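Numbering (the UniProt record's numbering), first residue to last: 1 to 337.
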Amino acid sequence: MIDVLIAGGGPAGLATAIHAALAGMEAVVVEPRSVPVDKACGEGLMPSGTAALGSLGVRVEGRPLRGIRYLDRRHEVEAAFRDGSGLGVRRTALHAALARRARELGVEVVPGKVDGVRQDGDGVEAAGLRARWLVAADGLHSPLRARLGLELPGRGPRRYGLRRHYPVAPWTDFVEVHWAADGEAYVTPVGENLVGVAVLSSRRRGYPEHLADFPALLERLRGPAATPVRGAGPLRQRVRARVAGRVLLVGDAAGYVDALTGEGVSLALTSARLLVDCLRAGTPGSYEAAWLRLSRRHRLLTGALVGTRRYRTAARLIVPAARRMPSLFGAAVHALA
Numbered sequence: 001m002i003d004v005l006i007a008g009g010g011p012a013g014l015a016t017a018i019h020a021a022l023a024g025m026e027a028v029v030v031e032p033r034s035v036p037v038d039k040a041c042g043e044g045l046m047p048s049g050t051a052a053l054g055s056l057g058v059r060v061e062g063r064p065l066r067g068i069r070y071l072d073r074r075h076e077v078e079a080a081f082r083d084g085s086g087l088g089v090r091r092t093a094l095h096a097a098l099a100r101r102a103r104e105l106g107v108e109v110v111p112g113k114v115d116g117v118r119q120d121g122d123g124v125e126a127a128g129l130r131a132r133w134l135v136a137a138d139g140l141h142s143p144l145r146a147r148l149g150l151e152l153p154g155r156g157p158r159r160y161g162l163r164r165h166y167p168v169a170p171w172t173d174f175v176e177v178h179w180a181a182d183g184e185a186y187v188t189p190v191g192e193n194l195v196g197v198a199v200l201s202s203r204r205r206g207y208p209e210h211l212a213d214f215p216a217l218l219e220r221l222r223g224p225a226a227t228p229v230r231g232a233g234p235l236r237q238r239v240r241a242r243v244a245g246r247v248l249l250v251g252d253a254a255g256y257v258d259a260l261t262g263e264g265v266s267l268a269l270t271s272a273r274l275l276v277d278c279l280r281a282g283t284p285g286s287y288e289a290a291w292l293r294l295s296r297r298h299r300l301l302t303g304a305l306v307g308t309r310r311y312r313t314a315a316r317l318i319v320p321a322a323r324r325m326p327s328l329f330g331a332a333v334h335a336l337a
């Protein structure tokens, strides 16, 4: 019998498979698409995510990131990471590097989709395979999560993300978050002559219209874009639980607050290790509480920022307040890193 069957071969699913293989478990990934898959993503790894890649034995080229910078039209404040560097890396490069490492460890990737799940006291059956455990790593709008009845209704305004790349030399080694009345632009250096720009907003309109809200940034991005626009959303995904019998949720499938603070991929990588540790210990039910502890600061801080974004007057004060209280801003960045 397979030890761990994983539905979804994105970064979260592959990280889970790699950790399982390193622990001496047989892991099989079910994924319908070929590697690499590009998706709308801020593409910035926090230092915890960079360390997580090291623990997986994954090597990938990218741009070292020194910290986070917030800007509006009049104010600017930055905070450097205290514990190592982050990494700006193309989603496709990260995905390909994880897939290579999984192959090195003998992880089998089976083409297909997990459309149904049957559980009993000894295992779970899905995609024509039987395993002791099934991990749902099938993304933000996880079909498995919905099928298991683990979704909760959304609350508050729906926010969406749009991302594309520009062939310009990075002008900073910080991730920049530009604030405007209707949204944020999240700028990540990902190559010698490439930056990714993700726009986040609850207002539905085209990418050029969003980017026009950031004239100083737009001035730096003259010329044609390097990639097409990719979108994602609604970003907020509320989840009833991350464990349902012999099925466990990881990555975006386990719940998502918002892309504003930029640690989605890092959280996926660190929670993959947590999940496998719980399986190794023979305490899969403990994964729920462990995941909540791991993600607590992220959920609280990101939720607070997104909640403030609902009120235009309050949102306009975020960057000036961070500028007046740099130690508090630095502490928040450190808590998320």
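From the three backbone atoms N, C-alpha and C, an ideal C-beta is built for every residue, glycine too.
Here the structure is a predicted model, which is why all the values come from computation and not from measurement.
- Within the stretch 237 to 300, the runs of beta strand (DSSP E) that reach at least 3 residues and sit entirely inside it are, in chain order, 247 to 249.
- Within 10 angstroms of the beta-carbon of ARG222 lie fewer than 16 other beta-carbons, which makes it exposed.
- In this structure, DSSP gives ARG63 an extended state, which the three-state scheme calls strand.
- CA-CA distance, LEU94 to PRO11, rounds to 8 Å.
- PRO189 is classed as buried because its beta carbon has at least 16 other beta carbons within 10 Å across all chains shown.
- In the structure shown, PHE214 adopts coil according to DSSP, grouped into three states.
- Between the alpha carbons of ALA198 and GLY330 lies a gap of roughly 23 Å.
- In this structure LEU129 is not in contact with VAL60, their Cβ atoms being roughly 29 Å apart against a cut-off of 8 Å.
- In terms of Cα proximity to ALA20, the closest of ILE2, ALA169 and ARG204 is ILE2.
- Taken in chain order, the unbroken stretches of beta strand (DSSP E) that lie wholly in the stretch 4 to 90 and span 3 residues or more are 27 to 30, 63 to 65, 67 to 71, 76 to 80 and 86 to 88.
- The stretch 231 to 249 makes contact with the stretch 146 to 163; the number of CB pairs closer than 8 Å reaches 3 or more.
- For HIS334, the uninterrupted alpha helix (DSSP H) segment begins and ends at 326 to 336.
- Proximity of the stretch 197 to 212 to the stretch 61 to 79 falls short of the contact definition, fewer than three beta-carbon pairs being nearer than 8 Å.
- The Cβ-Cβ distance between LEU162 and VAL265 does not fall below 8 Å.
- In this structure, the straight-line span from the alpha carbon of ALA315 to that of THR308 is close to 6 Å.
- For the pair GLY88 and GLY62, the CB atoms are nearer than the 8 Å cut-off.
- Apart from the 5 residues on each side of it in sequence, PRO47 sits with its Cβ closer than 7 Å to the Cβ of PHE81, ASP83, GLY84, SER85, GLY86 and ALA337 in its chain, given in chain order.
- Beta-bridge annotation (DSSP): ALA198 is paired with ARG163 and TYR186.
- Exclusion of the five residues before and after CYS41 leaves ARG91 as the residues of its chain whose Cβ lies within less than 6 Å of its Cβ.
- Straight-line spacing of the CA atoms in VAL110 and ASP120 works out to 23 Å.
- Assigned with DSSP and collapsed to three states, VAL135 falls in strand.
- GLU151 and TYR207 have their C-alpha atoms spaced approximately 29 Å apart.
- For VAL135 against VAL250, the beta-carbon gap comes to about 6 Å, under 8 Å, which counts as contact.
- Here LEU317 is exposed: its Cβ has fewer than 16 other Cβ atoms, across all protein chains shown, within 10 Å.
- Of the other Cβ atoms in all chains shown, fewer than 16 fall within 10 Å of the Cβ of ARG296; this residue is therefore exposed.
- Residue range 312 to 316 is occupied by the alpha helix (DSSP H) that includes ALA314, with no beta strand (DSSP E) assigned at that position.
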